[in-house]
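Engineer: Per my numbering: the sequence shown ends with 126, consecutive numbering throughout. In this text, a Cβ means the ideal position worked out from N, Cα and C, and glycines have one as well.
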Amino acid sequence: MNNEIAEGIKFAMSRGESLQQAMQTFYNAGYSRQEVEEAAKAMQYQLHQEKEQGIHAVHPEFKKPVDMEMKKEVVKSQEPKKTEVKSPLPSIQKISGYESSTQGQNPRKKMIILVSILLGVLILIFAGIFFFKDTLLGLLGNVLG
């Protein structure tokens, strides 16, 4: 299961989403918080290892047999160049903002308020029909008959 989540997080990050957004997507899909966090930690570790390997990897150069005279001429014509390799510091994202998310509470409160209002309106309508049934029947009799 963690492999599926890790691949999903990797795919989401390749599309430009942040790690936090990818994790929230899996939370919303019903995956357990612990599995998502484990997969995210594994993904961060893997990305960190790939960055380090990319920086420290030395690509072997294929050498052709060259005459010593030509080699000396090439060495004399080239000046030594100094190149610095700057390695970017890996950014560390907060793995879980699950506790601080109040997104799940607001829609629930709104739904409770909406249902309460609709229930109150229905009760008022039924009470009005019950108390004014004679008047309403007379009105309907005049309109229809």
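Near G119, which residues of its chain fall below 7 Å by C-beta distance, leaving aside the five closest residues on each side in sequence?
Structural biologist: For G119, where only same-chain residues beyond five positions count, there are no Cβ hits under 7 Å.
Engineer: Following the continuous alpha helix (DSSP H) through I(-10), name the residue where it begins and the one where it ends.
Structural biologist: N(-17) to S(-5) is the span of the alpha helix (DSSP H), which, as asked, contains I(-10).
Engineer: Short check: CB of I(-14) to CB of Y12, under 8 Å?
Structural biologist: Yes. Within cutoff.
Engineer: In the DSSP assignment, find the unbroken alpha helix (DSSP H) run with Y12 in it and report its ends.
Structural biologist: Taken as a continuous stretch (DSSP letters only), Y12 belongs to no alpha helix (DSSP H), as it is neither H nor E.
Engineer: Verify whether the separation of the beta carbon atoms of L0 and A20 is less than 8 Å.
Structural biologist: Going by C-beta atoms, L0 is not nearer than 8 Å to A20.
Engineer: Assuming E16 and N(-17) are in contact, meaning their beta carbons sit under 8 Å apart, how far apart are those beta carbons, in whole angstroms?
Structural biologist: Yes, E16 and N(-17) are in contact; Cβ-Cβ is about 6 Å, under 8 Å.
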